[in-house]
Structure formats: structure tokens, C-alpha cells
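Enquirer: Residue numbers (full-length UniProt numbering): 1 to 876. Ideal Cβ placement from N, Cα and C applies to all residues, glycine included. Source: prediction; values computed, not measured.
1) DSSP puts residue 307 in a beta bridge; with which residues?
2) Between the beta-carbon of residue 451 and the beta-carbon of residue 439, is there less than 8 Å?
3) Use the C-beta contact count for residue 455: other C-beta atoms within 10 angstroms, 16 or more gives buried, fewer gives exposed.
4) Quick one: measure Cβ to Cβ for residue 383 and residue 92, integer angstroms, because I've assumed they're closer than 8 Å.
5) Per DSSP, what kind of secondary structure is residue 566 in: helix, strand or coil?
6) Which whole-angstrom value describes the C-beta separation of residue 197 and residue 359, a residue pair presumed to lie in contact below a C-beta threshold of 8 Å?
7) Is residue 429 near residue 369, with beta carbons less than 8 Å apart?
8) Let me check understanding here. Comparing Cα to Cα, which of 829, 387, 30 and 232 lies closest to residue 685?
9) Mind checking who residue 499 pairs with in its DSSP beta bridge?
10) Under a Cβ-count criterion, where at least 16 other Cβ atoms within 10 Å of its own Cβ denotes burial, should residue 364 be classed as buried or exposed?
11) Rounded to whole angstroms, how far is the Cβ of residue 86 from the Cβ of residue 323, which I believe are closer than 8 Å?
12) Tell me the residue span of the alpha helix (DSSP H) that contains residue 378.
13) Given 7 Å as the limit, tell me if residue 331 has its C-beta closer than that to any heavy atom belonging to the ligand ADP.
14) Would you call the region 196-214 and the region 239-249 in contact, with 3 or more CB pairs under 8 Å?
15) Any idea if residue 796 is buried or exposed, counting beta-carbon neighbours within 10 angstroms, 16 or more meaning buried?
16) Along the chain, where does the beta strand (DSSP E) containing residue 452 start, and where does it finish?
17) The alpha helix (DSSP H) that contains residue 26, what's its start and end?
18) Just confirm the distance between the C-beta atoms of residue 614 and residue 100, as a whole number of angstroms; I'd bet it's less than 8 Å.
19) Is there contact here, the region 115-134 with the region 166-179, by at least three beta-carbon pairs under 8 Å?
20) Below 8 Å, how does it come out for the region 181-193 and the region 695-714: are there three or more Cβ pairs, yes or no?
21) Tell whether a beta-carbon distance below 8 Å holds between residue 729 and residue 772.
22) Which residues in the same chain have their Cβ closer than 6 Å to the Cβ of residue 717, if we skip the five residues on either side of it in sequence?
23) Taking the alpha carbon of residue 333 as the point to measure from, which residue in 508, 265, 236 and 266 has its own alpha carbon closest?
24) Give the C-beta separation of residue 142 and residue 66 to the nearest angstrom, bearing in mind that I take them to be a contact with Cβ-Cβ under 8 Å.
25) Near residue 876, what residues of its chain come up, given a Cβ to Cβ distance below 7 Å and the 5 sequence neighbours on each side ignored?
26) Between the Cα of residue 447 and those of 534, 474, 128 and 345, spot the shortest distance and give me the residue it belongs to.
27) According to DSSP, simplified to helix, strand and coil, what is residue 429?
28) Using only CA atoms, which one of 397, 487, 443 and 449 lies nearest to residue 625?
29) Can you give me the Cβ contacts of residue 457 inside the same chain, cut-off strictly under 7 Å, excluding the 5 residues immediately before and after it?
30) Rounded to the nearest angstrom, what separates residue 404 and residue 607 at their Cα positions?
31) Starting from the N-terminal side, write out each stretch of the alpha helix (DSSP H) that is 4 residues or longer and does not extend beyond the region 790-848.
32) Using CA atoms only, rank isn't needed, just tell me which of 28, 113 and 776 is closest to residue 47.
33) Using DSSP's beta-bridge definition, name the partner residues of residue 146.
34) Just the C-alpha distance for residue 355 and residue 704, rounded to the nearest angstrom, thanks.
35) Skipping 5 residues on each side, what residues in its chain have a beta carbon closer than 8 Å to that of residue 589?
36) Assuming residue 180 contacts residue 217 (C-beta within less than 8 Å), just tell me the rounded distance between them.
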């Protein structure tokens, strides 16, 4: 009997799960070789026009059996249900600890049978690597190859990984590879195949949180330093609240009507917002540099160079620069040399990147609160998957203190009490500064703790520490998102601990700097690790690949070297010992109430709070959570903190006594909904505006791809030439003045490189159709002559020249178009004052800009191909 039958929406899956189990009973009797042949058998069925849905039960059962053989895990019904939901192109909301990583194996295998590209997308490199290693282990039984994209890979290595049946990748690498592919000059430089099916792990993090900022590839542009210095001079003459207004909250500046007129007079121009001669950006950046960015606070000047200071840490951020010309504006203000500005070469939002996939799905522990956005933007339905065992976690009401100081004291005292009783505690903080503040208070109380600040270089380290956050007496301070994707197992994680012990022991034995602070006292554990052959390890392992070597040994148990087999054997012995130790410790912790999660501030989104709570109560374990808040927290301060403060004053509640109220918790939930709604509107607006440029991007990229893959680009040049003639003839036919008509004909003749004795007046006697056909014929004749001439100089030269001019002009025009679109987007908001909808105006203006760009590309390509002078080095 399935434990999700009570949910009528999920009843339809009952029959499929029953069929999977029937196939599983048969497949469990198969040998490894016979199981491997299942992949070809299922692919043949697909080739014989049997749909994926028809072979789903058998394919899922095959993958389920491979998982059992590779890992020893037998999938729960709810995990199979999650796999079916993913295959249907929906989001499976599965709580923490329900085994989401393994669930992705099922739909990925089924869809990989189509031999189309299957991507499993994760939030960071560590998770991509970890999950791909697990997948390799499983798919070895199914004759499916697994790829992994790493940051440091070359083009050829990336292409090889994308050619695999299933590829693990981070969202940013996927996006940048897509943009780079659409900037490639040679077909061999394209690494990705057509996007077919993506499974996004932590889907809410990628599609919601990451979607606020677009992916951008930039390159150096020509710096017009005069404009920065001129704008700086003008900014000194402008006065706050007369010529411009400052919004400190959003760190933004807007020019008043008087300010605009003053700038136009000082610059001696008619329109400050002219797209062809943009000054707005320079003026606004100069004003920001003057008013919002202060020397020795936001930046310092060292060796005649402007260096950014991190507001949170107070450290100098070497090599970092503010974008969009802001850094150059500050350099002009400080009269230091102005460095090159970067310009956008290509960009895309995550929304439009993921909408390229034919089929998209995702999994997370928290998506229900954002289901409206996921449905409206991505057309993704959120399906709640029941837990395998009922959740026993208790979420207590929030405690609200008068001041932030009292709140942190209370949290520290709570940690002290939990440490004394031995109950593991996880404290989620909102930023680095707050986590370090709590750490200092715990130092004073002499409470040992693990501190996790979510920095990219420490992600692997974080995950390993947080995996041990369920051990007795452990106090873990963490930024809210740190270690996401790794289970907190009560008593400790045997697999992770065994790996840490091996790495730690080898590092110490080889006199390397140790990564972990391990104080292992258990004599049996010590006796196991002391059997490692250190002399042999010295010869085989260099410091930089200790991790790689040990991971290869413990993740791929078919390692070839004797040493790796020896390490794998040690690893298995350690796991067995730790399983016994940790199981005993887990029982003790459950008696204490399980993992205790403390939130130190309500986040703007309920989803982030739920993620923190979800770390406790894994797989039916006991657990509890509570948020400690103060009236000085941002959310409370903005949404009614004064009223609660007055209430505390009226009731004469002292500063050490908190308020615990269900009504208060409900009002906070309401406040969070308002903030979520605001950020949804921000992302929706970003999406709506980018949708305009996305249609243009798809048109340009499609044309670019057609040219790149074409072996005979002559037709494209002729097509461009004919379109150019047609466009110019529209102007010719509208013209009534004879002199103007002749001038247009002369322009066409010049563009097409027609002979000097070409008589333009002859065309005046022809009708529209005759002129067009005559010019088309002249275009072909002239082009044949040019092709013949270039072929004599060097065979194949004309084809190379065509492709070069086509790609070069498309890229240059597109980059210029992106700049114009950015300026348009910044200035279009003013149209609302004229009772016009800025989005509709933006669409109309963007359409005109795009048509102008396409016309310019065609004319320039035709002109260059027809008229460019070549110097051929015949010696080469």
C-alpha cells in the first residue's frame, strides 16, 4: 500500500509504480551483463516508434536495479514518484533527506535513451562533481556515459563532456558555454548540442534567486576618456535637490527637468538621451561618484589606482572593478588614469536560457511558495511529493526581543544550554558579519563550534563540515545557504567522516598542511588507519591530487592500482566502524530531541526560512526549529516594528524578556509575502524586457548558426544583396524628385560595385519589376566576376571571405545593438510621464533598432564582399 494514496492528485501514478515493481522483480534476476544490454533493447523499442511513456516502467525498473547494485540503496515509492514527476517536465518538491540526487538518475536514464542532450544542473562545482561521481558508479551498470563540465576545461574537453549521454554542469557554466558558442568563429569551437532535457537540482535557487541578474560576457572597449572628465566637471556644477535627486535606499540618482536642461546647455547638445551620442550614463555615473561613493570608505587610491573596499570585511578587493563605467567615473573624480571600460559582447537571463530546453524539470525542498512565478514564467507545475516517513519536526513560534544585543545574547545562551546537554544545533545567520559576531560571543562562553561562511573556495569544505553537524555536542554556525545539498545525518555521516579521516591521516603522515581539525580517539579507528601503506603513498600521491586520488579510490571501486584498492578497503572498514558508532550516537540524540535549528533573522522570502528549518527532521527523525528575532531586524523594522515596541512598552516588558506570539508570526508571514511579491514583480519586469531582446537574440543566433554550418555562403551574400536592393528600391519608388531618384540608383551601383559607365538614367524608363530584375541580374554578374577573380588568386578564398565578413559584421552590429538597448532601457521609464506604457514603447523602439541593425548588417556585408581590396601574399 502506497503511503501517498490519500492524495487524490497522485493516485494516477499508482499503476505506473506497480508496473515498475513488476519489472524490477524480473530484472533483479539478471546478470550484470544482461542488465547492461537493457539500454540497447530499450533504444531499439524507441527506434520502432514506441513512446518514452510506454517504456517508462521498464526503463525506471532498470535504473532502479542499477542503483541497488551500485550503492545498495533500494528506492522508496516516493522517490520513484519524484522521478516520474521530473520526466513529465514538472518540479518535484521533495523535503531534505528524501534522496533527491538519486531520484534524478531515473528520468535522466529514460530520456538519455533518445540520444539527445540531457543536462543535470547544480548550484556549484562541488555538487556537480559529487553527483556525477555517484552517477558514473550507477550508469556503469547501464552502458551510459556521464560527463562533467569543470571551470578549467578547454574547448575540446568541454565538447567531449557535452557529447556524453548525460552531462552534469553548474548553471553559470551552462550559460557561459551557450553564449561562447554563439560567438564562435569556427564550427569546431561549438561545444554544446541542441538543448533537449534539463533536470535542475535546487531549482528554486537557480530559477528564482539567480534569475535576478543576467549572465554577461564582456570584453574591453575603446575608452573615450574625454567624456568621463567632461561629465566629472559638469557634476561639480550640478546641485543636489535642484538638478538631481538622490535615493540612498536604492543607491540611485535621477536628474530633474532643470538638471537635464542644464546638462544640455553645458554640453551644447539638443537631446541628453540621444542613442547615437549617449551622455546620460556618463553624467549619472559622475554624480554617483560624487555623492554615493566615498574615498577611504567605499574605495581607496593606492599607487594612483582606485581600489574597491569590501563594505562588510573592510578588505581591498584586488582585481575587482565596478561595471557600466562607474569605476571610470571615480577614476575621473580622483584624477587617476582611466582604464579600459568593458562592453557587453553577449548576455542572456536565466529565464530565457532555460526556456530554450524542449523539456525542463527540477527538484527542491522548497518551491511551493514560488509556484505562481514558476508557472507563469517557466510553465512549470510544482508537485509536492510526500515524505517517506511522517515529518516529526516541531516548528516553534518566533521569539522577539527589544534589541539586537538581547537577541544575540539569548541565542548564545541557547547554544550554551544545547552544548551542555549534547544536543546538536545548527544556527543559520544572514551574513558573514553576523556569523562572526555570534562566534565571538560563543568564544567568551567557551562553547566550541564550527563556523561556516559561504565562500566559493570553501564549498567542498563546508559540505563536509555540515555533514557532521548532526554529531552529539556539535554547534554549527552557518550562513543560511551554506552546505545546501548535503544531508545532516544525526550522529554523523559515516561516508563523509571516513573520507575526512583518510585525507587527514595521509596529510599528517606526509607532513602536509592539514585541511581538517580531526581529533580521532577511538582505538579501533586508529588501528584501521594505521594499516595504510604510507611509504607507498609517498611515491604515488602528490599534495595537489590527494583529493582526486582518494575520491577515485572510494567512488569508483573498480580502481586499477593496488594502492587504490588498499585505500578502498580501509574506507570500507572505516564506514562499518562508524556506522556502528554513529547509530548508537543517533539513538542518544533522538532522546534529546534531534537536531535543533535556530534562525537568527527572518529572510525576505519564506522559502529561505523553510530551507533552514528543513535541515532538521530528516527521514522521520525528531527535530525542532525556532527563530530568534529583534525589533531592529530589517523585516520587523520595515513592517510594524514600532507598534510591537509600543506594545512591549505598554506591557512594561523588560529587554531580556521576549514576546512569543502566533499573531506576530502570522503578521511576519504576511510581510514576507509582500516582499516576495515585490521581488517577483522585479524579476517579472526583467523577464518582460529581456523577452523583447530574446526574440532578437534567437533570430541573430539562428542566422549566425546557419552561416557557421553552411559550406556555401554565396547564396547568403546574394540573398543579402537582393534584400538590400529591395529595401533601397522602396525609397526609390516613394521618391518623386528626379535628382533624388538618380542619387538612389547611384548608391545602389556603388554598393554593388557596378561598372563606372553604368547609365543610371536608363533605369528611369523601366517599371518597378523591371528595375528590380535588372539589378538582381547585375548583382549576380558582378558577383560572378568577383568570385572568378578571387578564385584565380587563391582557390576557396571567396568562401572564407564571405564567412568572415558575415560573422564579423553580425557580431559587431549585435554588440552595438546591445549597448543601444541598454541605454534605451535606462531612459524608457520617462515615457510613463507622457501617459505611455514604457514596455510597449520599449518594444516599438527595440523593433525599429533591430530592423536598422539588420539593414546595416546586410548593406555592410554586401559592400565589403563586393568592394574590399585584398593584398594576397602568394608566398604563403
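Expert: Here's the rundown:
1) Secondary-structure assignment with DSSP links residue 307 through a beta bridge to 300.
2) Inclusion of residue 451 and residue 439 in the CB contact set at 8 Å is warranted, their separation being smaller than that value.
3) No answer about residue 455 holds up, because its pLDDT of 47 lies below 50 and its placement is not dependable.
4) About 6 Å separates the Cβ atoms of residue 383 and residue 92, confirming a contact at the 8 Å cut-off.
5) In the structure shown, residue 566 sits in a helix (DSSP, three-state: H, G or I).
6) With a beta-carbon spacing of about 5 Å, residue 197 and residue 359 fall inside the 8 Å limit used to define contacts.
7) No, the Cβ-Cβ distance between residue 429 and residue 369 is not below 8 Å.
8) The shortest Cα separation from residue 685 among 829, 387, 30 and 232 belongs to 829.
9) DSSP output for residue 499 lists no bridge partner at all.
10) Residue 364 is classed as buried because its beta carbon has at least 16 other beta carbons within 10 Å across all chains shown.
11) The beta-carbon separation of residue 86 and residue 323, rounded to 37 Å, does not stay under the 8 Å limit for a contact.
12) Start and end: 371-378.
13) This structure simply doesn't include the ligand ADP, nor any ligand for that matter.
14) Touching, no.
15) Exposed, since its Cβ has fewer than 16 Cβ neighbours within 10 Å.
16) Counting along the chain, the beta strand (DSSP E) containing residue 452 begins and ends at 450-452.
17) For residue 26, the enclosing alpha helix (DSSP H) begins and ends at 14-27.
18) With 8 Å as the limit, residue 614 and residue 100 do not qualify as a contact, their Cβ atoms being about 12 Å apart.
19) With the cut-off at 8 Å, the region 115-134 and the region 166-179 touch.
20) Under the 8 Å Cβ criterion, the region 181-193 counts as touching the region 695-714, having at least three qualifying pairs.
21) Result yes, Cβ atoms of residue 729 and residue 772 sit closer than 8 Å.
22) Around residue 717: 802 and 865.
23) When each option's Cα is compared against that of residue 333, the closest is 236.
24) Their Cβ separation, rounded to whole angstroms, is 5 Å, which keeps residue 142 and residue 66 in contact under 8 Å.
25) Only weak support is given to the placement of residue 876: the predicted model assigns it a pLDDT of 46, under 50, and the value that follows is read from those uncertain coordinates. Correct list: empty, nothing qualifies.
26) Check the Cα spacing between residue 447 and each of 534, 474, 128 and 345: the tightest is with 474.
27) Correct three-state label for residue 429: strand.
28) Answer by Cα proximity: 397.
29) For residue 457, the pLDDT reaches just 47, beneath the cut-off of 50, and the residue's location in the model is therefore unreliable, although a value from the coordinates is still provided. So no residue of the chain qualifies.
30) Inter-residue distance for residue 404 and residue 607 is about 23 Å (C-alpha atoms, whole angstroms).
31) Assignment of alpha helix (DSSP H) within the region 790-848, counting only whole runs of 4 or more residues, yields 797-827 in chain order.
32) Relative to the Cα of residue 47, the nearest Cα in the group 28, 113 and 776 belongs to 113.
33) Paired residues: 166.
34) Roughly 20 Å between the two C-alpha positions.
35) Only 422, 423, 424, 470, 472, 490, 491 and 595 meet the Cβ criterion.
36) 7 Å between Cβ atoms; contact.
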